[in-house]
Amino acid sequence: METIKLDIVSGDYQNGIKEAAHILKKGGIVAIPTETVYGLAASAYSDDAISRVFKAKGRPQDNPLIVHICDMKMLEKVATDIPDEAYALAEKFWPGPLTMVLKKSDSVAQSVSAGLKTVAVRMPEEKAARDIIEKSGLPLAAPSANVSGSPSPTTAEHVISDLDGKIDAVVIGNGCKIGVESTVLSIFDGKASILRPGAVTAEEIEQLLGKVDVDKAVLEEPKSSEKVSSPGMKYKHYAPKTETFLVEGSIQAFVNFVNKKDNALAICFEEESHLISSEKIVYGEMSDKKTLAHNLFSALREADNFKKESIYIHAPDKAGVGLAVYNRLIRAAAFRVIKL
Ligand code: TXA
Ligand code: MG
9 METIKLDIVS
19 GDYQNGIKEA
29 AHILKKGGIV
39 AIPTETVYGL
49 AASAYSDDAI
59 SRVFKAKGRP
69 QDNPLIVHIC
79 DMKMLEKVAT
89 DIPDEAYALA
99 EKFWPGPLTM
109 VLKKSDSVAQ
119 SVSAGLKTVA
129 VRMPEEKAAR
139 DIIEKSGLPL
149 AAPSANVSGS
159 PSPTTAEHVI
169 SDLDGKIDAV
179 VIGNGCKIGV
189 ESTVLSIFDG
199 KASILRPGAV
209 TAEEIEQLLG
219 KVDVDKAVLE
229 EPKSSEKVSS
239 PGMKYKHYAP
249 KTETFLVEGS
259 IQAFVNFVNK
269 KDNALAICFE
279 EESHLISSEK
289 IVYGEMSDKK
299 TLAHNLFSAL
309 READNFKKES
319 IYIHAPDKAG
329 VGLAVYNRLI
339 RAAAFRVIKL
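Quick note: to get the numbering used here, add 8 to the position in the sequence shown (first position is 1).
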């Protein structure tokens with residue numbers, strides 16, 4: 009299959025949006041930019057289109073998808089019994105990188121939710137994404153547009169390198185300004201729980217709702233027998249092919265540690281970069297969690313090109329957006345953590 013490239017930056021914006029919407033209405037699958045990562049979109053009403061998404065990504069069938077909407081009217085089409093807290097959160101954080109797990113309405117295809125009674129919903133901030141949803145008139149189910157297991161795509165090039173020839177089209181937009189996937193929050197019976205951390209932080213949600221839980225799968229390796237609240241958490245994710253370790257400790261400790269390693273790649277902070285003798289990728293300043301989040305997936309994709317025996321990533325602390333960065337890194341490192 010030839011994957012059509014719809015360039016809305018150097019090409020005609022309106023035409024690209026129109027063409028993407030047209031393909032989606034016909035049951036096609038199209039990669040679209042969002043402010044978090046690129047998504048692989050399909051009509052949330054069509055089991056056929058959704059099954060093509062699972063196939064193109066090689067995604068396990070029991071891992072449900074997020075439904076993307078462009079306005080509150082659409083929210084009420086895809087979810088039912090929406091609690092007051094959800095409206096308050098939508099008011100504050102939508103459009104933006106927050107996904108809410110709500111009760112699913114019957115109109116949404118079964119396969120979107122992988123058989124669950126719930127549906128995850130988000131209104132993206134990226135204008136092109138909302139324009140495509142609006143133009144098609146369809147809520148769009150869209151997982152990240154990568155091959156299952158590899159780092160999420162933050163540029164159109166990442167998408168093309170993973171999915172060219174497997175999907176109908178890719179909308180080539182600007183890079184994703186946030187760079188990690190949305191915060192996934194479930195709210196049932198007045199209880200809010202973060203299933204996956206993202207750019208909307210636990211601290212920000214607590215300002216609105218009071219105490220929120222952070223699901224234990226965010227930082228711990230789920231046991232294979234355990235039922236997880238967010239099926240995505242149990243899969244291997246983001247991992248470079250090279251053996252990868254997450255390292256916690258001060259700048260001095262990290263520098264001393266990696267400088268003793270042979271044939272290693274360091275993924276490190278700006279402040280320590282000049283002290284590190286091995287090859288390295290700098291992913292931002294230690295305290296600038298937003299930049300670390302933004303550069304994270306590109307760094308993980310680049311890492312294998314160095315062809316080293318091992319990769320050591322310096323972990324940021326877990327406050328604010330640091331929790332989202334740490335959550336992705338601990339998975340990239342298959343839960344191998346070294347505490348210095
Ligand atoms: O930022 C994002 O969220 C991106 C962009 C494209 O919007 N999408 C994304 O989708 O990251 P995906 O499929 O890669 O991750 C969806 C996550 C998975 O961990 C999945 O298990 C969880 O959301 N999820 C989806 N539906 C759920 C549900 N009904 N209950 C619990 N978790 C759910
Ligand atoms: Mg994903």
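Don't be surprised by glycine CBs; every beta carbon is placed ideally from N, CA and C.
Coil, strand or helix - residue i by DSSP
i	result
tyrosine 334	helix
isoleucine 25	helix
tyrosine 210	Here the sequence assigns alanine to residue 210, which means tyrosine is not the residue at that position. Of the three classes helix, strand and coil, the one that applies to alanine 210 here is helix, per DSSP.
isoleucine 349	With the chain covering 9 to 348 only, the question about residue 349 has no answer from this structure.
glycine 240	helix
phenylalanine 277	coil
tyrosine 291	coil
arginine 344	coil
threonine 299	helix
aspartate 176	coil
glutamate 256	strand
Near ligand 1: residue i beta-carbon under 6 Å from a heavy atom
i	result
glutamate 189	yes
proline 151	yes
leucine 239	Note that residue 239 is proline in the sequence shown here, rather than leucine. The answer is yes for proline 239.
proline 68	no
proline 72	yes
serine 119	no
leucine 171	no
glycine 24	no
valine 86	no
Proximity test, residue i beta-carbon vs ligand 2 heavy atom, cut-off 6 Å
i	result
serine 306	no
Residue i classed as buried or exposed, judged by whether at least 16 other C-beta atoms fall within 10 angstroms
i	result
serine 121	buried
methionine 82	buried
leucine 110	buried
methionine 108	buried
aspartate 79	exposed
alanine 150	buried
leucine 348	exposed
alanine 272	buried
Anticipated Cβ contact below 8 Å, residue i with residue j, distance rounded
i	j	result
tyrosine 246	arginine 130	So it is not a contact: roughly 20 Å between Cβ atoms.
proline 105	threonine 191	6 Å
serine 119	valine 86	Their Cβ separation, rounded to whole angstroms, is 14 Å, which puts serine 119 and valine 86 out of contact at 8 Å.
phenylalanine 277	tyrosine 320	The pair is not a contact, with the Cβ atoms about 12 Å apart (cut-off 8 Å).
alanine 164	valine 178	6 Å
Check whether the region 290-309 touches the region 186-195, counting contact only when three or more Cβ pairs, one atom from each stretch, lie closer than 8 Å. Touching, per the Cβ criterion.
Would you be able to state if there are at least three C-beta pairs under 8 Å between the region 95-107 and the region 10-20? In short, these stretches do not touch, since the Cβ pair count stays below three.
Within the chosen definition, does the region 205-225 reach the region 72-79 through at least 3 CB pairs nearer than 8 Å? Result no; under three Cβ-Cβ pairs closer than 8 Å.
Tell me, please, whether the region 48-64 touches the region 22-36 by the rule of three or more beta-carbon pairs shorter than 8 Å. Remark: three or more beta-carbon pairs, one from each stretch, lie closer than 8 Å, so the region 48-64 and the region 22-36 are flagged as touching.
Does the count of Cβ pairs from the region 134-154 and the region 274-293 closer than 8 Å reach three? With the cut-off at 8 Å, the region 134-154 and the region 274-293 do not touch.
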